[in-house]
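Peer 1:
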Amino acid sequence: MPTSGDGPTSQPHVVLLPSAGMGHLVPFSRLAVALSSAHGCDVSLVTVLPTVSSAESSHLEALFGAFPAVRRLEFHLADFDASEFPNADPFFLRFEAMRRSAPLLLGPLLARASATALVTDIALSSVVIPVAKQLRLPCYVLFTASAAMLSLCVHFPAYLDANGNGLVGDVDIPGVYQIPKASVPQALHDPKHLFTRQFVANGRELAKSDGVLVNSFDAFEPEAIAALREGAVSAAGFFPPVFSVGPLAPVSFPAGNNNRADYIQWLEAQPARSVVYVSFGSRKAVARDQLRELAAGLEASGHRFLWVVKSTVVDRDDDADLGELLGEGFLERVQGRGMVTKGWVEQEDVLKQESVGLFISHCGWNSVTEAAAGGLPVLAWPRFGDQRVNAGVVARSGLGVWVDSWSWEGEEGVVSGESIAEKVKAVMGDEIARNKAVSVRDAAAKAVADGGTSYRNLARFAQRCRDGRVRE
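Numbering of the sequence shown is given in my numbering, commencing with residue -13 and proceeding in unit increments.
(1) Any idea what DSSP makes of Thr182, helix, strand or coil?
(2) Closest by CA to Gly322, which one among His289, Ser391, Pro368?
(3) Are the stretch 122 to 141 and the stretch 201 to 219 touching by the rule of at least three beta carbon pairs closer than 8 Å?
(4) At 4 residues or longer, and completely inside the stretch 158 to 241: list those alpha helix (DSSP H) runs for me, N to C.
(5) How should Glu207 be labelled, buried or exposed, when 16 other C-beta atoms within 10 angstroms of its C-beta is the threshold for buried?
(6) Distance check for Leu253 and Pro226, CA to CA, integer angstroms please.
(7) What first and last residue would you give for the alpha helix (DSSP H) that runs through Gly324?
(8) Let's see if you can read the secondary structure: which residues bound the alpha helix (DSSP H) around Gly283?
(9) Please report the Cβ distance between Ser230 and Asn443, rounded to the nearest whole angstrom; I am assuming they are in contact, meaning their Cβ atoms lie under 8 Å.
(10) DSSP state of Gly360, grouped into three classes?
(11) The beta strand (DSSP E) with Arg58 in it runs from where to where?
(12) Which residues share a DSSP beta bridge with Gly150?
(13) Given this structure, state the Cα-to-Cα distance separating Arg427 from Pro72, to the nearest angstrom.
(14) Are Val465 and Gly386 close, meaning C-beta to C-beta below 8 Å?
(15) In the DSSP output, what is Asp449 paired with across the bridge?
(16) What does the alpha-carbon distance come out to for the pair Arg450 and Ala52?
(17) Could you work out which residue in Val34, Gln276, Phe266, Val354 is closest to Ala133 when comparing CA atoms only?
(18) In angstroms with no decimal places, state the Cα-to-Cα distance between Glu395 and Phe370.
(19) Hey, which unbroken runs of the beta strand (DSSP E) at 3 residues or more fall wholly within the stretch 71 to 109?
(20) Can the beta-carbon of Lys167 be found closer than 8 Å to that of Gly155?
(21) Could you tell me which of Leu79, Trp367, Gln339 sits nearest to Val410, measuring between CA atoms?
(22) With a cut-off of 8 Å, do at least 3 Cβ pairs link the stretch 124 to 131 to the stretch 193 to 213?
(23) Could you give the distance in angstroms between the alpha-carbon of Ala99 and the alpha-carbon of Glu356?
(24) Thinking just about the alpha-carbon of each residue, which of Leu104, Tyr249, Asp65 is nearest to the one in Leu2?
(25) Looking at the strands, I want to know which residues DSSP matches up with Asp28.
(26) Between Leu516 and the rest of its own chain, which residues show a CB-CB distance below 7 Å, the 5 nearest in sequence each way excluded?
(27) Measuring CB to CB, does Leu337 end up less than 8 Å from Gly360?
(28) For Thr37, collect the residues of the same chain with a Cβ closer than 6 Å to its Cβ; drop the 5 residues on either side in sequence, then sort them by chain order.
(29) Using the Cα positions of Cys349 and Gln373, report the straight-line distance between them to the nearest angstrom.
(30) Are the Cβ atoms of His10 and Ala173 separated by less than 8 Å?
(31) So who's on the other strand from Ser347, going by DSSP bridges?
(32) Output yes or no for whether 8 Å exceeds the beta carbon distance between Val237 and Leu214.
(33) What's the gap between the Cα of Met325 and the Cα of Glu318?
(34) According to DSSP, what are the bridge partners of Trp388?
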């Protein structure tokens, strides 16, 4: 560890190691900027090239261009034979490629960078923490989903150990609440699934980290955050420090050559709280039959809408025609009232618009935290992974509503356009729901303000990096 005189450097060099996917990259970028600009840290962000998606490539170029104080560290992976996992999700494959390369290549990279602290992605933690321990480098984990999901990650290995038959049912998390079987991520029901193996390994290793950062705030998830801090969730009865540092503030990039002006100008021309914003994130496609029912529901709702359509898992392969995807004549019928795009949308800019009155969201955690910061009611429609757990947070906190009978990936049945239209009209007209979302916004603003819980936690984390504390 570099020193100056008799003690650690006053400006620690914190290296951030995200994995793959915008859901992981975005919070790491926000953390990098916050630590660099507001908390006196020298920050490097590790990038693995080539990226999985073009959205990641564009985001990284914009980040390094706009914030030159955040340095790039390139991580070149070892050869990886993906044929071992036929038909696996490309993002899970990237997790695995990074997990196999880390024990071989990460140590020298960190040593050359003269890192004083490392923050690794949860998806890589079980292989990165041992590397950091060998270097006597403090190693923290950024958990990029909810605190509720973090509590499931910590508790799940013990749940499996106690449940010898391997079948996953309702999961009672000590000190938190029950995660129903139907809300447990689909992959975790299969013990041989690549993601399950990664998830369990990471959950077992978390207690050996020097601390865990979570992009949430105390007033938003009080039960889960308290249980984690008290060690109730861990089978060992203790857990490293938990730093609730959210909602991490979006970072602004100069407008580039994209369609931002079109959709922002359109939103600015609409009446206040008149537009339904619809986006299911950057990670998963929605099946064609469900897309058409959603189109029918938006049309029948009578409300204006901005809809970001995703029809493939990886954006580089997305060349489908919108008219063909959404049904003959749909785009013509909603012209002027609805705007549909397949391009990348700067979501935080959309959510700031006064014209937006409702967010139909898959409940990826970045989307949830952005809605919370903006005080925008959410109609939760989780599709896969941690999203039903996150939707539960949305409903409990008062940020929005969740129709938990609506299907998600792997379940039979398609949500009808009639059901969608009915729910959109109900939530758009619900003044109580709007007021509850505003209360969440006020609590989020208080948490991140100078002296708030999240601000203090991030400052405390930065001070630990300066002190060079490492757990034995």
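We put the CB at the ideal spot given by N, CA and C, even for glycine.
Peer 2: Well, looking at it:
(1) helix
(2) His289
(3) yes
(4) 180 to 191, 208 to 216
(5) buried
(6) 44 Å
(7) Segment 324 to 327 is the beta strand (DSSP E) holding Gly324; no alpha helix (DSSP H) there.
(8) 274 to 287
(9) 6 Å
(10) helix
(11) 56 to 61
(12) In the DSSP output, where bridge partners are listed per residue, Gly150 has none listed.
(13) 43 Å
(14) Outside the shown range of the chain (-13 to 458) lies residue 465, about which nothing can therefore be said.
(15) The amino acid occupying residue 449 in the given sequence is Gln; Asp does not appear at that position. According to DSSP, Gln449 bridges with nothing at all.
(16) 27 Å
(17) Val354
(18) 6 Å
(19) 103 to 107
(20) yes
(21) Trp367
(22) yes
(23) 33 Å
(24) Leu104
(25) His(-1)
(26) In this structure the chain extends from -13 to 458, so residue 516 is not present and cannot be described.
(27) yes
(28) Ser43
(29) 5 Å
(30) no
(31) Ser265, Ala366
(32) no
(33) 11 Å
(34) Ala366
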